[in-house]
Structure formats: C-alpha cells, structure tokens
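Residue numbers (this note's numbering), protein chains in the order written: chain A, 1 to 620; chain B, 1001 to 1620; chain C, 2001 to 2342; chain D, 3001 to 3342. Positions of the beta carbon are idealized from the N, C-alpha and C atoms, including for glycine.
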Amino acid sequence: MTTKDEDEIQELDRVTIRFAGDSGDGMQLAGLQFTNTSALFGNDVSTMPDYPAEIRAPTGSLPGVSAFQVSFSSYEIYTPGDEPDVLVAMNPAALKTNLPDLAKGGTLVVNADEFNETNLRKAAYEDNPLEGDQLAAYRVIKVPITSMNARALKDSGLSPQQIDRSRNSFALGIMFWLYERPMEPTLHWFEEKFAKNPAVAKANATTLKAGYNFGETAELFPDHYRVRKANLPPGRYRNITGNQATALGFLTASRLAKRPLLYASYPITPASDILEELAKFKRFGVKTFQAEDELAAIGAAIGAAFGGALGLTGTSGPGLALKSEAIGLAVMTELPIVIIDVQRAGPSTGMPTKNEQGDLLQAMFGRNGESPVAIVAPATPGDCFNMAIEAIRIATRHMVPTIFLSDGYLGSGSEPWIIPSLDDLESFEVTSPTDAETFEPYARDKETLVRPWAVPGTPGLEHRIGGLEKSDTTGLISYDPENHMRMVAYRQQKVERIADDIPELTVLGKPEGALLVLGWGSTYGAIISAVQRAQSSGLSVSAAHLRYLNPFPRNLGDVLARFDKVLIPELNLGQLRMLIRARFLVDAIGLNRVTGRPLKIREVEEQIYKLVQQKAVSVA
Amino acid sequence: MTTKDEDEIQELDRVTIRFAGDSGDGMQLAGLQFTNTSALFGNDVSTMPDYPAEIRAPTGSLPGVSAFQVSFSSYEIYTPGDEPDVLVAMNPAALKTNLPDLAKGGTLVVNADEFNETNLRKAAYEDNPLEGDQLAAYRVIKVPITSMNARALKDSGLSPQQIDRSRNSFALGIMFWLYERPMEPTLHWFEEKFAKNPAVAKANATTLKAGYNFGETAELFPDHYRVRKANLPPGRYRNITGNQATALGFLTASRLAKRPLLYASYPITPASDILEELAKFKRFGVKTFQAEDELAAIGAAIGAAFGGALGLTGTSGPGLALKSEAIGLAVMTELPIVIIDVQRAGPSTGMPTKNEQGDLLQAMFGRNGESPVAIVAPATPGDCFNMAIEAIRIATRHMVPTIFLSDGYLGSGSEPWIIPSLDDLESFEVTSPTDAETFEPYARDKETLVRPWAVPGTPGLEHRIGGLEKSDTTGLISYDPENHMRMVAYRQQKVERIADDIPELTVLGKPEGALLVLGWGSTYGAIISAVQRAQSSGLSVSAAHLRYLNPFPRNLGDVLARFDKVLIPELNLGQLRMLIRARFLVDAIGLNRVTGRPLKIREVEEQIYKLVQQKAVSVA
Amino acid sequence: MTSVAPDPLPVLARKDFVSDQEVRWCPGCGDYSILAQTQKLMPELGIPRENIVFISGIGCNSRLPYYMNTYGFHSIHGRAPTIATGLKLARPDLSIWVITGDGDGLSIGGNHLLHIIRRNVDVVIVLFNNRIYGLTKGQYSPTSEQGKITKTSPLGAIDYPINALSFALGAGATFVARSLDIDVHHLIATLERAAHHKGTSFVEVYQNCNVFNDGAFIEFADKAVRPDRTISLEQGKPIIFGKEQNRGIRLNGTTPEIVELGNGVDESDLLVHDESRPDRTVASILTRMEYPEYPVPMGVFRAVERPTYNELLEGQIEEARSREGEGDLEALFAQGDTWVVD
Amino acid sequence: MTSVAPDPLPVLARKDFVSDQEVRWCPGCGDYSILAQTQKLMPELGIPRENIVFISGIGCNSRLPYYMNTYGFHSIHGRAPTIATGLKLARPDLSIWVITGDGDGLSIGGNHLLHIIRRNVDVVIVLFNNRIYGLTKGQYSPTSEQGKITKTSPLGAIDYPINALSFALGAGATFVARSLDIDVHHLIATLERAAHHKGTSFVEVYQNCNVFNDGAFIEFADKAVRPDRTISLEQGKPIIFGKEQNRGIRLNGTTPEIVELGNGVDESDLLVHDESRPDRTVASILTRMEYPEYPVPMGVFRAVERPTYNELLEGQIEEARSREGEGDLEALFAQGDTWVVD
Ligand SMILES: Cc1ncc(C[n+]2csc(CCOP(=O)(O)OP(=O)(O)O)c2C)c(N)n1
Ligand SMILES: Cc1ncc(C[n+]2csc(CCOP(=O)(O)OP(=O)(O)O)c2C)c(N)n1
Ligand code: SF4
Ligand code: SF4
Ligand SMILES: [Mg+2]
Ligand SMILES: [Mg+2]
C-alpha cells in the first residue's frame, strides 16, 4: 500500500511507531506528543503504553525499559498495531526487549551513543548488536542522539543531566520529520508544560528542531513518508484513554441519573487512574473515598447506594476477589452498585502491568450461592464512556449490582474520541418511592421484577434489609423453603430480563455465513480489523462483539445459529467460550492468547483463514 | 410393604420419624438416642437434624422449633427419608412448622398438654388444631406428655422446671415401645451423661420407662411395629456425622502422608464443628488455629504448607468468597493447601442453617485470572472421611490447592460408618527435595507437571516464591509473554492430568440406556434411591455420582455418550449442568431445587418417570 | 405515590421505635436491655425516625436493627463500619448507628473499626462485648480471657485478649465510653452522650450472654458489688468509688493506685476525671484498669472535638466549587488538545 | 537426591545473604539501606541460612525477600502476618521475618498486624514507613500527614494518620522499636535487638521514598539536625538529647516536657527510659512525641516477656499428650457407641 511520489515522499496508509527507552528517558511523553500531533493533523490514532512493573528500575536495565506505541493512519483503525514498523530504541536494553516485536524489514532508529560497554552489559548483550549481522533483517539507522542533543544544547545553561533529559525531544524531532508532522503543537506544549522553567522549555524546543533538521539534512533516511488525513466521522475530537473515559462516563451517568456519585476505591494497578481522575472532580460534587482496602471500598459503595446515591467501586482482579462476599450482599439486598474491574494478567498478583481478560468467570460466578449480577464490557478506550453510563443505567433501573469489565489495555490505551454534547445523551429516570401506604421493600415490578429503591430520609418507609434471605414482597427474614426457591428464581430472572432493556447484538458483515468471530472487551480492534481484511479478501466471515455479557443480548442465539462455525478469540483460556457452549450448545472454537499482551490482528486473521480455507465466496 | 403378624405387630421395611419440639425440648438428644439404639439393633439408619437459626428463640415460638429426623430400615438406605411417617410434636409451633412434611396418613404423636391458649397464639394458630377436622388426614395420637411426665417424677426431688426438661425421655419411651427398641443403651447413656447428677439420670430413666409402659398399656396405638435388622456389609460400625468424618479424615490423611496438620479456620455455620472437633485432637499433634477471619485462616494454611506441613482451612460459602484472593496465591505458588467448604444456602448470608450446592462455580472460577484448582466432593456423611484423604492426597501429590466441597446436610447428617482399620488405608508418599545441585523451584515432573515441594530448613534449597508470574523452571519473576502463556497452560494441564490419578466414574446400573442421572455431593442418597426404585420398575435408567469435580474422571465423556438423555439433579440452578454442557456439548437436563432442603427421592423419581415415560424395558 | 405535605413534627415515643419483628434473642440475654435503652433513647434525640439508620454486621448483637423501627441494614460480618462510612459520606444528614460485637468488631472487622475511628466519621458505634461468639454457639472471641475453655479452646484460649477501649483510643477515637447491659440508667445516659458527640463515638457495652458465657461480668457488675468494684466516671470530679464513697484513684507517676480516703488522704490527692484532655494518656490508663486488680471504670473516658471526615470532605467540595466554580461537564469533556474533523 | 551429612556449621558472611537477583528499587530509595543492614545482620545471628524465612506482602518494601538468599515468600497485599503465623505454628524452629509497609501493614493489613501482635507470635516484623504508597505510584497512606497532597488527595488528605508504634503498643506488643533508613548503625543494632526478642518484635523504620515522598523525615532525620530533633533511647538512662546533650525529657504528670539541663534541673529530674516497664503507659507517651513539638524518639520503646503463641500451642500439645497419651487413631475411629454386623 505504498505509492511513490515525485518528492521522495512515500505515501502510506498506516504507520506504527514504538518509542522505547529507559524509564527515565521520557518515552511516554514523546509518544503522547506524536499521538496528539497526528490526531490534530487528522489521522486516526491508537496507542498503547507499556510501563515497567518497577517504579524505577536501575538505569539501563532490562526491567527498566518503558515503551509507548502509536499507530496512525489515513483510515479508521482499531488497534495500536500488531507490530511496530519503526522502533526507536534509546539504549541497548530497549532494543533487546522490543526488537522481537519489530516487523521484519522494519526501521530501527537507535541512539548509537548508548551502545557502550556498561549499557550492553546491563542489557545482557555479549556483543554490540550494532556491529555484526544481528540486525540484518532491519533497516538500521544509527543516530548519536546523546551527543547531538548535547551539542545542540551546549549553550542552554542547563546541567549535563538536564540536557540528557531532553534526548527524547531530539528523537521526536527526527520522527516528526520522517512523517511530515508539524512541530507547532509540541512547541506550544513545551511552553505550557515548562512554564515555570523557560530554560527547559527552550532546550526542548531547540533539540526538537535539531532532531527535525537532522532528519532533513542527514542522508540516513532514503525518503520520508506521508500518512494522509483519515476520513473520520465529523465532530470535535480529543484523545482519551480508557480510564479517563471511564471516569468521565461515571461522572456523566451521575448527571444523567440525577443522583450523586460516591467512588470508593483502594489503589491498584491498572485501576488507580480512575480514583486519581475522579478525585479531581470535586467541583462536580463527586465524592471519592480512598478506603483502607477493597472490602471497605465496596462496603462504602453499598452504603452509598442504600442512601440513594450511586455507589461505585473500582479495582483490578485481586481486588475483585476481595469484594466477592460484599457483591453477594448487594445481590441479596438488590442495591444498584457498580463494580469496575480493570483486568490485569493473573492469577494472583500475576503481571500487574500486563493485560488479560481473565476475570469474566470470576465476575459471573465468584460468589457463594446463586448470585447473579449484570456485566458489561467496553470494547475500546472511548467506549468506556458509553458503557459506564450503561452500567449505571442498568444498575439503577434493574436494582442489580453491575460489573464493568475493562482491562489494562483499554484503561491505558487511547484513541480519538468525539466529544459528546450533553444534549445528545439520554438521561434516565431513577425513582424512589415515597408513599408509605403502598410501600413494600421487596414488592417487584411485574415486568422487570425490580424492587423499589426506598431511601432513608423518606418518612414512613422505614425498613430493614440485609444478607439473610428475604421474604417475597415484605423483605422480612424468611427461612421458608418455597420462598427461597422463588427468590432465587426472581433474582435470576430479574437479571435475565435486562435483555429486554439492552440493544440487540449487531453483526458486522453478512448476517450469516461460514464463520462468526465473536469477541468481547478490548480484543475488539484486533478482531474487527482482521475480519474486515478477511472480508475484503472475499471470505465469508462476520464479526460480532459483546458489550453486554450478562445477560447476553436477546438475539445472540439467533446470530450464532446463522453461522457454520464460531470463533471466539479471548485473552484467557476460553471463558466466554465456556458460557456460549453451555448456553447454546454451539461447538465454538477458541483462539486463546494469554501472554499479557493485546491480541494481534494477524493472530485472528490466521485463525480465520484456517477455519474458512478455500471457502472464499465472491462478494457481490 | 406391611405384613401383619399374629401379635398385633406389623412388620415394616423402613420407618422415618421426626421429633419436633421447642429448642429447649431436647429433640436432638431424643433423636440421637433413637438413632443409636436402632443402629445398635442392626438397622440401617440415616439422620438429619434441623436446628433453628436463632440460638434460643422464645419458648414456644415458630422460629424456636428444633427437629431431628431419623430413618431406619431393614435394607440399605441412603437418605433420612423424604417425609416422616411419624411426627412427634411437642408443642403447637412444632406441629405447625413440621406438619406440611408429614406423609398423608402418617402418625402424629402430640403432646396435648401444650396446646393451650398461650402456645397456640405463639404458633399463630387461630383454633386448636387438635379440635376440628384439620388433622383428619393423619392418625393423631394425643398424649398428655407434660402431665404424665410430671406425675412420673413427682417424687424425684427435682424442681418442676427440671422435671419438664425430661419430657423428651417420656416421648422417646413411647417411640421405643412403638418400634420395639431396647431401652438399655439409653438407660446406660443417661447414667454416663448425668453421672454428676444422679437424680437427673434417675428421673430420665423413670420417665423413659413410664413412656414405654404408657405405649404398652394405653390403647391409643392399634399395634406396634417391627423393623428387622438390615443386611449390611459386615464390620464394626459407629454412627458418624459428615463433619466428624471430615475431621477424622484429615487427621488420618496427616498420618498417611506423614506430615503434620495445621487446621486454620474462622468459625462459621455449618463448618464450625470441624474446628471444634479437630481442636480436641491435640494429643495427635494436630494444631488448630482460630484465626481472626477467613483471610487470615487461609493465609496460615498457606504458611504451613510453605513450611512442609498440611495446610488446611475450612469455612462455608461466604468465607470461601473471602478466601478467593489467597487461593489464587496458592495456585500461583503451587502449594498443597486444602480448603473445606461446607456449603450452605446463599447468596450472601442466605439461610446459614439450610442446605445448598451453590458453591461449585465459585470453587471453580471464583478467582482472578486463569486459576485452576482441584475439587472433590463427598457423597455421604461417611464418605467425607474418604474424600478428605483424597483431598490431601491430590493436593500433596499434585502441588495444587484442592477444594473439598461438603454441605450442611452432609456435615450434620449422619449414617452408620464401618470403622476402618489403619492397615487398610493406603499411605501415600509425599517427598521433598534435598539435593541442592539439581534443585529448581519450578522444575516440573514430565508426567504430572508437578513442581517440587522444597521446605525451609533444607540447606542449599533457599528460594523465593510469590504471587507474581514465575519463570518456567527457575521460579524467578518473569514478565515474558511466552513464558506466561506456558505457565498458564502448565497450571491448567497440571490440574487436568490429575484425571490419571483418580478412579474412573462407575455407573450404577447398566452402562448404557435411556437415561443417566448424574449427580454430585449430598444428593447421592436421593438419586441412588430414586434410580434403584426406577430400575426395579424396569426403567432404563442408570446413575453416576461425581466425587471428583475438577478434573472430571477421565471416562466421563464416554459414560455420558452411552445414554440418550442425561438428568442432573442439583440443589442449585444448574452449576454442574453448565460445566457438563460446556465441556461435552450434551443437552443435559436439570432438576434444580433451591429450597434450603435436601433433595427428595420422590422429586428425582418423578423426573425419571417424566423423561423415561413408557420406555420401560424389561429387566432380564 | 402522591407525596403529601409533611405534618408538623410529631412527638415520638419509645413505642414508635419498636419494629413489628418479634425479638429473637435467648430469654435472659443482655441484648434485650441494650435494645430497650436504645429504643427509649431515640425519642429523646428529636431526630425524625426516617433520618435514623442502624447498621450492623453479623452476630446475635447484629440482629438489633430488625427490632428498631428506623431504617436498618443487617450487613455482613465485620463490615458494618464500611457501609456506615459510605452512607455517611453520601448522606451526611442521617444519624447513623453501628451495632457490632466483640467478634464482629474486633476479630473479622478490626481493621474497619480502626479506620472508621481514625477518620472520625460521624457515627455512633455500639460494641456489644459478651466475650464470646454467641451466634455461632460459643467459640472464644478476641475479648475472651486467656485460658478460657470454649468449644474451640478445649484446653483454654491462648490468645491474649484485646481491650476494646484501649484499641479505640489507640485508633485516635474522639469519644470513648463503656457501659453495662443491666445498668439501665447508666446505659441510656451513656448512649445519649454518644449520640450527641460529633465524630465517631465508640461505646463498649458489657453484655451478658447467658447461654455461652454466663456471668462473664458478674464478679464486678453484680448489683451488690458494683459500687465497690466499678467506678462511675464523672466529668470534672475526683475519681471516688465504693459503697461508702470512701475510696479513690490516685496516679502514682503513670500508675493508678487505689487509696482510702481519710488518714491524710483527701479528694485533692485523687485523679480528677477529665474527658476532654487533649492527650489520651490518662484515658488510656483508665481503660487498662481491670478487675480484680482495680475497680472497672464505667462511663465516658474521652470526649474531644476533632473535625469529622464527612465535614472535611464536604468542605473540600465546597472549597473546590468556590474556587473553580460548579463543574462544567462539557468543558471537562473537551479538556486538553482537541481537533475538529468535518 | 541423596542426602548428605551436614558439614560443620559454616561461618557465614554478608555476601552469603545476598541473592542473585538484581535489586530493583529506584536509585536513592531508602529500601537499599534497610536491605543492606538486614543482610549484614544475618551472619551475626548465627542461624543457618536455611532456617531463615522472609515473608512480605505487596509494596516496594515487599520486594525485599527476593534479595535475601534465604527462604522467602512475597505474598499478597496485607496478608504476610497470616502466612508468618501459619508457618511459625507449623515450624517453630524457623526464624521468621515479616517485611511490610505503611500501606501493606496499616491499611489493608491492619487487622492481621493487630492480631499477630496480640497473640505474640514469635516473629520479627519490620514496617517500612515512607508515608506513601510507593509501588502504586504515589497515593497517600495511613501514615501520611493530614493535608498531604497526593494523586488521590489533590486537595489534601483528610484522614487522620495512624501512629504505627502507638498502634503496636495498643495491640499489646511485647517489643516495639523505631529506626531510620539512613542511620545505619542504629538500624542494624535495632534489628539485632528485635531478632533476639522472643515474641512479636515490631520495628518501624522511617524510610525515604525519594520518588513520591522525598524528604518526608528530613526535617528531623537529616544528619545535621538529628541530634537536636531526635532522641536515641537508651535502656536505664535518663532521656537526654541535643548536640550538646544538654536537653532532656521530663514527665509533668503524664505529659512529656522538654527541659534544659542546668539551672536547677539535673538528670535526676528526667524520665529514665525503661523498656521493661510492665505497664505500657510510658512507652505509649514516648510513641506520641512527634516533631516539631518534640524530638522524635528512636530505639527500643518497649521490650517485655510474655509467653508466645507458638510456645503456648506446643505446650498444649505436650500437655495433652502427657495427660492422655499419644493419640491412638483407631481408638478414635471407634469412639462412642459401636456395633458389629456380621
Ligand atoms: C464471613 C463470615 N464468617 C463467619 C461468620 C460466622 N459468624 C457469624 S457471627 C460470628 C461471631 C459473632 O460473635 P460476636 O460478634 O461477638 O457476636 P455475638 O453473637 O456474640 O453477639 C461468626 C464467626 C459469618 N457470618 N460470616
Ligand atoms: C489486593 C490488592 N490491592 C491493592 C494492591 C495494589 N497495591 C500494591 S502495593 C500497594 C500499597 C503499597 O504501599 P506500602 O505498603 O506503603 O508499600 P511501599 O510501596 O510504599 O513500600 C497497593 C495499594 C494489590 N497489590 N493488591
Ligand atoms: S447466644 Fe448469648 S448473646 Fe446470643 S442471644 Fe443467646 S444469650 Fe444472647
Ligand atoms: S517508589 Fe519510592 S519506595 Fe518505591 S522503590 Fe522508588 S523510591 Fe523506593
Ligand atoms: Mg460476642
Ligand atoms: Mg509505603
């Protein structure tokens, strides 16, 4: 998909760059600036940061490597790219840990200055990879970034240490030149960010330009590239991470439901951002509570919900495990709390900064007794906003604890997001009874089986709830066998009937065919991209993505029935697959990657080709 | 099945009696004495207590009723009976709560003295049920037990209160006469039990005999009954409850594995007995630790296992929820702990004294990430002994946390148990490495994938474990993507391969046919009885009972494939059914009762007839 | 569902706080008295019934909310303080009471108790201390004496007990008091003080479990010996006790001593009780006076003012609003770099 | 897998306790020093390396076991004391060290810390107090000052902080001490004392997190001001401090006062430090002396003897055995009424 143009400018549809360096090298900043610039320029973008687990591992060490991947394109994209086309490696450790991901034939920009003996030893390189044939498969561009940056800034008045700290801007400058990006937004950003320290702002500006000029002047690069604007839906955009979108979504839900929000949480990677984000919104009346642990956090959410507020708690997998018992209490008391789980790689502490979809079955079943909850899962960073609102809508309309299953990849990844207008968002009524004459705490709506949300402070509605089995209608304690059977069934059916209140599952592609690729959560991008590619090669394959996991959309069975085969890619050993097989007795096939990394388009594509071999039908 | 004999003695195959009265009425004692006497006499027996949830609800109140059901027979039985043939009701509240269960045409022995205005009001009776037609469907025997007991003891020197407290012995005396039981064992027991208080011992003896004589003399009973000895497997027997058998089983496992046992637990109904039982066994070297909560209890078990001891913890459903996170740690560190879950009715606090099989999916999936554990489930009270040993054997041989799924019905129900001889029990070797040269903490056995259990105190084997992902073989921390995938797979396969080390599933009845009734846990008795009855009516039905739930016995798929239909009765909404459907894509049918009560033979029978209608085949 | 204009505040009586649920503790249980005093106190507080919430964990004690005709929440074991915290933060207008036990509050729930107290969330906590697990039928609890024989300690408990009030003071409690189930006047007065305190009020009530731990407190709490074996703390007064009011407590350095009045010892030598001492040392010394070495102090040990967590949180919201203005959601949506695609 | 006769006990050196794992704290982190002192101390203890176990929870601090060439367990957040308890009960022969942090030990793990201390399980607990959550990148912790601005408290923390040592004393700790990451001699001496104490030894170490809470202790811990702003507690000695050793602490009633020596005030007026006071009051007063009001006491606050939980448990087993004889399993199987079917 490359077209050569007269000016030594190659036109590309999509490029993926990974900036990799030491934690101290500012790779996240460089990546973000590249992202924002590309987005402002009009590309579609998608990003994925990759932090080390250690706070600050020793400089130059392998565990200290920090990376940021950005994919930008002239068409709509859904993932930050399977593998980078360009890798910027600021030191040997960064090269070592990231090279395996670089596309064969890809471009490698290395900071040659850092390939000294000490650093090579820290990265456990026996020989200098820049010498010899090790990198023959790549286009290697060696740039003495450290020294060129130092030269550019020799008159800046900054200390050598400070000077070194702007090497990332030099590297960014090179990339800007290589992909024809404007420098202005970044120059502007330097001014704002370092307002208190104009010398630093200036130094970064200087070296950014130096890098840019170096790209233009040096003959290291045979040509440079152009990625045209994407044809995106019109609107005002910003770049947003999933965790930001989650925070904004719940804040907005509180506005739409006209109920105050209490967010109670205990910090845990990769969910902490949400607490940190919401803590900034005090002027919106949001209350945040950093609890002593996860049990206390959900307890507080339940207390808030009992008080008529939106009780929200958030955590990651190990914290969800700790909340299990209390979620059961919310099931029994039928209070509308929402539990955010930003999943990470498990089991146990696992790999806290890595990604996985390992908590679906925990969310479904991780409680004693028959204890159904509603579950939703956003598909993209921006979709976290929508599904947060949906989670609150479902919880409050159906008086049911609702689990919001995000993951680390969604949470820290970003994409352009059309800034919504409040008027476009539907507000939903949440009512509480006030009539003492007719009030019964466990009287149920005939249609939805929902009990009333009676709130302290309402005269005449004084009542008691708790974790013991309730008597139908009155809510008093009951050990009656048939009452228990009835209540168990009510709780189950209440959740099942939510299916009437959520959208049907839409199929991307033809409504029937040889293969349906069914996914959920953050694998959306990889699946859609793979299916679109396969479709454009004429394969009879469609995709469907579940954003509602309990209950399933009401037409799911019908959708499944119209395909010969069903493939379920998941970042676990087959959790959705198990639910689908059990429910629909469909021999769904799994594509299961549990590596801590996001799913790749190619992995899905390969499976599609395996399953729909030779079966290609012509597309009319 | 009744044969009249010359002496007005009717011969019966099986009788079920329920003693019901106020919590203070000593119904449990009366029931137990009847049980022991019947067992000593040679009947097969099966029992079920039914305590109120309150410690001591107000005398005479409905929630204060306590009951004990015993079934005894001349053939092997597996349940305490679907419904009592005889109900002894010591007051109106006992009548009210228990009458619905009495078989139509059954015998009702009531303490007529207690049907006074106060008691009737407490039991919310508008009219005295002993007057009028309310009880027309039963054979009602009104006995003024209170006054007759008082008369019998007027010279006992006891206070009126003390005298009233032996009413249960009077009632027991009547039952002894009615079913031709010897009084000696009970008289002997009074002497022992009240050794410090001979006046009380004597009073109980006196009134027991008075009751017996009343039965003989009064013409209230048209005849009395005989239930002949059962033809049980030979051996020395005792009566044992499931919780007792559990405690003995783990104690024995410790002997067989030659590893000391630490039982760490936090009290919770219905699991507390096990802690109380094991606490008595200090002379066996068992250590018990009443922890501050369930999280601490499992932590202590993990610590003990790290130290090379058998780390055991026990709880009920809500406590299992609290242990979730730590079970994940045991999965990751591959330490052999055993977690007992004596299930009770949920969700949440639910109905603590009632029964359910609601925790199977929690046991399977209630943790973050892919976190497989082994699961076993005893089928009868006595089987708790065997499966406890199996749990330890599996945990230690496969270095895997193992969940022992009992339930309240098993735990407090009892049955005759052939006292084993230690020589008949196979000991199993549990080894720990000592060779520093070859030791690697996460080197795996090729066959079983099991890692070595290296124990502190062993020189040269110093190593570190924890909840972060481990590097294959070395056990060092690893964030490597492919290593994670491999380790996730190892942990999963390690559990799957336990299937090679457990017995195949046996089928009761023909190995193929129209219907297989597949069960697990405490429904065993009801299922077996129902299937045997259906078989003897010529139906093509067999039964199979899973005592190993993860992994399943290796032949389960084959077994399922040989039947047209599969019925899975469970005391939940279909948890095993879901696993079976997902795994084998078999359209298994559920029989799901979630009432807090044990399954009834009749309920299973009815389903069998529905599913194998008219299809009866002749039995050769 | 038509809402009517509220009547003028009705005058409530005890019976208005009695729910329609039959009380189901063992006959003779100390819980009855605590319930009765609590119900009696409620009308005195002048708080509309609908603004009162009782939250409990699990245990015999934790059944109390069912018997109060207020809003109530019988939650899960040990977690009542967390629910109370969430409710208070969401609804600072409510009067919130936490009912807990020695097991619920000090065993499984110890951490939450610690943290609610240190945060000084404005709730009343009543801990029913019967030194046993009642509901689960008689295992030892964290307040059981060492050596106590129970179902789970057939050879005697080997845990060293927790002193609930020392624990509360250690957590920084602003209000700490102790009372006795059977001393009904003292009990209601103590609960009333707790109700009026702003911040976390922690009240331990010695409660007899006549089924599993009968007479746990009888040696000093029995009416006949109570004046000699307990102290009724009174604000601003020297600490005097005894049927004859002839004995007192003096501090020798930091060690309390029992002294006889007379023979050169007079009231001025005695420790003067002051609940409001900013430092908690003296209160702490008092909490560690245990029978039989000392008479057992009853009453309010400490009552000081410190901003509550809920106030501080509301304060931050107001501050943020006054500084940055009411939040504008759409502006927030559009924060940072934005661009337009048309 | 042949087991060999053990060599005569080798003399170990610090390097024998250094594992092959690369240390991964931030450069400049106070954890390095605590690790170094711990490694240095180990050979002094004369305990075979294989009999030492380090158990930690989660946090930066909790990485320490990886760096010790002993047995180690990096467990889950807050639960290290429970694992240590189980291990000690199963294996009383081992020397067990618990490594925890202000978040791990006092937030999520507060209850376990309370209970292991009150039971007096014989382990050493070292709490790295950096007054911040390090590993999760800078949220406030239960020891953060009120008003502290962090990621989760952009307007300042509103929690009232926990004093770790007061907490430990309140839990009935038999050994309580405090030291400082950068005061290496004091630190190793303190850890050594803790190692030799029988029962739960609780040591708080002020630890600088130079990334998220740099300089948290610098105001009094900086070498230049340390003599004037801290106290080095010494057993049996009057409490004197200051570069010139010219100031001391006197108790006025129960309130500590700073006094200048001279002008009629001499050492005999001062509080004499006695770690072994049976009553914890004075130790408690010392733990609550905080900068800038007071100089900060460092060293051993309390060291008293009380039977350990593990000893008591072993004792009960021996007692049961000597009274009832070794358990006979088959006799136990056949307990109660039995009958024979032939
Ligand atoms: C998670 C959990 N663990 C254990 C239990 C069982 N349990 C209920 S109440 C209780 C202890 C009660 O003791 P306490 O708080 O002193 O209350 P009391 O009954 O003495 O009033 C226990 C262990 C439970 N309900 N939930
Ligand atoms: C159940 C659970 N909740 C939350 C976390 C996230 N977490 C890890 S360490 C930590 C706090 C660390 O603070 P501290 O104990 O003070 O250790 P430091 O990093 O400061 O040494 C938190 C909240 C976790 N790992 N597990
Ligand atoms: S068991 Fe004890 S505490 Fe519980 S209700 Fe009965 S007497 Fe009261
Ligand atoms: S974040 Fe702080 S405590 Fe953690 S390693 Fe870095 S400096 Fe040390
Ligand atoms: Mg209690
Ligand atoms: Mg910290």
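Pairwise C-alpha distance: residue j and residue i
{"i": "B/N1592", "j": "D/G3336", "result": "37 Å"}
{"i": "C/I2249", "j": "C/N2263", "result": "15 Å"}
{"i": "B/K1282", "j": "B/A1291", "result": "17 Å"}
{"i": "C/G2105", "j": "B/L1329", "result": "27 Å"}
{"i": "C/S2019", "j": "C/Y2066", "result": "7 Å"}
{"i": "C/G2199", "j": "B/A1300", "result": "36 Å"}
{"i": "D/L3313", "j": "C/L2155", "result": "10 Å"}
{"i": "A/F170", "j": "D/E3219", "result": "39 Å"}
{"i": "D/V3203", "j": "A/W417", "result": "51 Å"}
{"i": "B/L1262", "j": "B/I1340", "result": "13 Å"}
For residue i, three-class secondary structure by DSSP
{"i": "A/R151", "result": "helix"}
{"i": "D/C3209", "result": "strand"}
{"i": "B/L1611", "result": "helix"}
{"i": "C/M2289", "result": "coil"}
{"i": "A/K470", "result": "strand"}
{"i": "A/R14", "result": "strand"}
{"i": "A/Y524", "result": "helix"}
{"i": "C/Y2309", "result": "helix"}
Min CB distance residue i to chain C below 8 Å
{"i": "D/N3111", "result": "yes"}
{"i": "A/E462", "result": "yes"}
Buried versus exposed, by CB contacts within 10 Å (16 or more), residue i
{"i": "C/Q2037", "result": "buried"}
{"i": "C/T2002", "result": "Annotation note: pLDDT 46 at C/T2002 (below 50); position unreliable, coordinate value reported separately. Result: exposed."}
{"i": "D/I3149", "result": "exposed"}
Any chain B beta carbon closer than 8 Å to residue i
{"i": "D/R3321", "result": "yes"}
{"i": "D/E3324", "result": "yes"}
{"i": "C/Q2139", "result": "yes"}
Any non-hydrogen atom of ligand 8 within 7 Å of residue i CB
{"i": "C/G2059", "result": "Of the ligands one can find in the structure shown, namely ligand 1, ligand 2, ligand 3, ligand 4, ligand 5 and ligand 6, none is ligand 8."}
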